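Asks: Residues 2 to 330, numbered by this note's numbering, are exactly what the sequence shown covers, in order.
Glycine is no exception: its CB is placed at the ideal position from the N, C-alpha and C atoms.
None of the values given here were measured: they were computed from a predicted structure.
First the structure, then my questions, so here it is.
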Amino acid sequence: MKLDATQLSKIVHNVVSFSFDEKGLLHFHRFSEKQRETYARESQDWAMKTRSSASATLDFITNSNYITLKFNLYPGSSQRYGSIDLYVDGVFHNSRVAEDLSISLAGFPLPEGEHRITVYFPWSAETVVHEVRLSEGATVIPVEKSCKLLCFGDSITQGYISQFTSLSYVNQTARALNAEVVNQGIGGYVFNEATIDESIVSYQPNIITVAYGTNDYSRYETAQDYAEHTGRYIQKLGQLFPDTPIVGILPLYRNDENHKARKLYRTYSLDDARKILRDHYLALPNGHVVEETGIPHLPQFFAADYLHPNALGFTIMTQAIVCKLQGLL
Numbered sequence: 002m003k004l005d006a007t008q009l010s011k012i013v014h015n016v017v018s019f020s021f022d023e024k025g026l027l028h029f030h031r032f033s034e035k036q037r038e039t040y041a042r043e044s045q046d047w048a049m050k051t052r053s054s055a056s057a058t059l060d061f062i063t064n065s066n067y068i069t070l071k072f073n074l075y076p077g078s079s080q081r082y083g084s085i086d087l088y089v090d091g092v093f094h095n096s097r098v099a100e101d102l103s104i105s106l107a108g109f110p111l112p113e114g115e116h117r118i119t120v121y122f123p124w125s126a127e128t129v130v131h132e133v134r135l136s137e138g139a140t141v142i143p144v145e146k147s148c149k150l151l152c153f154g155d156s157i158t159q160g161y162i163s164q165f166t167s168l169s170y171v172n173q174t175a176r177a178l179n180a181e182v183v184n185q186g187i188g189g190y191v192f193n194e195a196t197i198d199e200s201i202v203s204y205q206p207n208i209i210t211v212a213y214g215t216n217d218y219s220r221y222e223t224a225q226d227y228a229e230h231t232g233r234y235i236q237k238l239g240q241l242f243p244d245t246p247i248v249g250i251l252p253l254y255r256n257d258e259n260h261k262a263r264k265l266y267r268t269y270s271l272d273d274a275r276k277i278l279r280d281h282y283l284a285l286p287n288g289h290v291v292e293e294t295g296i297p298h299l300p301q302f303f304a305a306d307y308l309h310p311n312a313l314g315f316t317i318m319t320q321a322i323v324c325k326l327q328g329l330l
């Protein structure tokens, strides 16, 4: 059976909003309209990335013996691959890899009986869902989440460069906490207080995480510039969410710190930048810090650029974040 708009509306998760167009196609929105306009005024590249379906899921309980999805994938990042991941009762069950974003159909057999089914859409692409089909007469039961997370950040938050979209640190953290999450990561982006839209206050998150800072370090030449720029964002966030724990995830180790070129035009170190951010977060009455994620400084835990964690690095990073967040919930 083909799920109708009413049924789909009850099982969409991890978005600010969603909509159906005149053809009945489902669109995910992880930013408010005002936020999307702010990014679009800066560049079409940022606008494209706001449309990615990072962390968007269908999550429900069913006794269907299969699920079939028809969709289109459009660019939502600098990468041209992605995955549609399927979890059964919280366990990774199957996946369809989308090389060149070229697939438009994914079908998965499901185990017999009633199970919780979670479908993750690509962090790297905009997903437009045409239809979702289950066995005729199958149950479609919404799931309840335990809390709400709001995650700000750059490419590492969006999901770069995970082969499997479900293994980004945001998705792993949300799964571990059974949390509803809005992933507002944008690859390559920096602290910019103009992107904090007051309308997202209505989302009422239980915890906010912020993981900017590494791109800012590439942009600002002096520690003073870095401190002033990042401080404005963190202070505004604290003003908008005075009663919500705000957890700063400090920038990860960068192997390019060892490159002599960086030393020529930076008057401060990444450790200096991390200390600046740590002080900003802890100055907030509701501020907290994940200072170390525990990822070893070894190539095996990173993608080839030695900046973005791979799936193993993301998993270790998640453990530190979940431990911190559990203590605040």
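#1: Rounded C-beta distance between Ser78 and Gly188? I'm assuming under 8 Å.
#2: Count the other C-beta atoms from every protein chain shown that fall within 10 angstroms of the C-beta of Arg176, then say buried if there are 16 or more, exposed otherwise.
#3: Do the CB positions of Leu87 and Leu178 come within less than 8 Å of each other?
#4: Tell me the rounded alpha-carbon separation between Asn287 and Ile247.
#5: Note down the Cα distance separating Gly25 from Met2, rounded to an integer number of angstroms.
#6: State the DSSP-derived secondary structure class of Arg267, mapped to helix, strand or coil.
#7: DSSP on Ile209, reduced to helix/strand/coil?
#8: Could you say which of Ala180, Ser103 and Ile142 lies nearest to Ser84 if we only look at CA atoms?
#9: Buried or exposed, going by whether 16 or more other CB atoms sit within 10 Å of the CB of Gln80?
#10: Using only the alpha-carbon positions, how far apart do His260 and Ile162 sit?
#11: Do you know how far the Cα of Leu271 is from the Cα of Glu222?
#12: Give the secondary structure of Pro76 by DSSP, where H, G and I count as helix, E and B as strand, and everything else as coil.
#13: Please name the residue, chosen from Tyr218, Pro243, Ala107 and Tyr67, that lies closest to Ile209 on a Cα-to-Cα basis.
#14: Determine contact between the stretch 106-123 and the stretch 164-175, defined as no fewer than three beta-carbon pairs at a distance below 8 Å.
#15: Tell me the rounded alpha-carbon separation between Leu111 and Ser125.
#16: In angstroms with no decimal places, state the Cα-to-Cα distance between Glu199 and Tyr269.
#17: Please look up how many angstroms separate the CB atoms of Phe93 and Val144, rounded, as I've assumed it's under 8 Å.
#18: Starting from His1, trace the beta strand (DSSP E) both ways and give me its first and last residue.
#19: With respect to 7 Å, is the separation between the Cβ of Arg52 and the closest non-hydrogen atom of the ligand MG below this value?
#20: Between which residues of its own chain and Ser65 is the CB-CB distance below 7 Å, once the five residues before and five after are set aside?
#21: Identify which residue in Ala6, Val182 and Ser96 has its Cα closest to the Cα of Tyr204.
#22: Compute the Euclidean distance between the alpha carbons of Asn193 and Ser53, then round it to the nearest angstrom.
#23: So, are the CB atoms of Tyr75 and Ala99 less than 8 Å apart?
#24: Taking the C-alpha atoms as reference points, what is the distance between Gly295 and Ala321?
#25: Assuming Phe72 and Val129 form a contact by the criterion Cβ under 8 Å, report the distance between their Cβ atoms to the nearest whole angstrom.
Replies: Taking the geometry as given:
#1: 5 Å
#2: buried
#3: no
#4: So the alpha carbons of these two residues sit roughly 6 Å apart.
#5: 16 Å
#6: coil
#7: strand
#8: Ser103
#9: buried
#10: For His260, the predicted structure reports a pLDDT of 48, less than 50, and the residue's modelled location is therefore unreliable. A value from the coordinates is still provided. Roughly 22 Å between the two C-alpha positions.
#11: One Cα belongs to Glu222, the other to Leu271, and the distance between them is close to 12 Å.
#12: strand
#13: Pro243
#14: yes
#15: Pairing Leu111 with Ser125, the inter-Cα distance amounts to about 26 Å.
#16: 33 Å
#17: Rounded, the Cβ-Cβ distance is 17 Å, inconsistent with contact.
#18: The first residue shown for the chain is 2 and the last is 330, placing residue 1 beyond what the model contains.
#19: The ligand MG is absent from the structure shown, which contains no ligands of any kind.
#20: Leu111, Leu135, Ser136 and Ala139
#21: Checking every option, the nearest Cα to that of Tyr204 belongs to Val182.
#22: Taking C-alpha positions only, Asn193 is separated from Ser53 by approximately 19 Å.
#23: no
#24: 7 Å
#25: Right, the Cβ-Cβ distance comes to about 6 Å (below 8 Å), so this counts as a contact.
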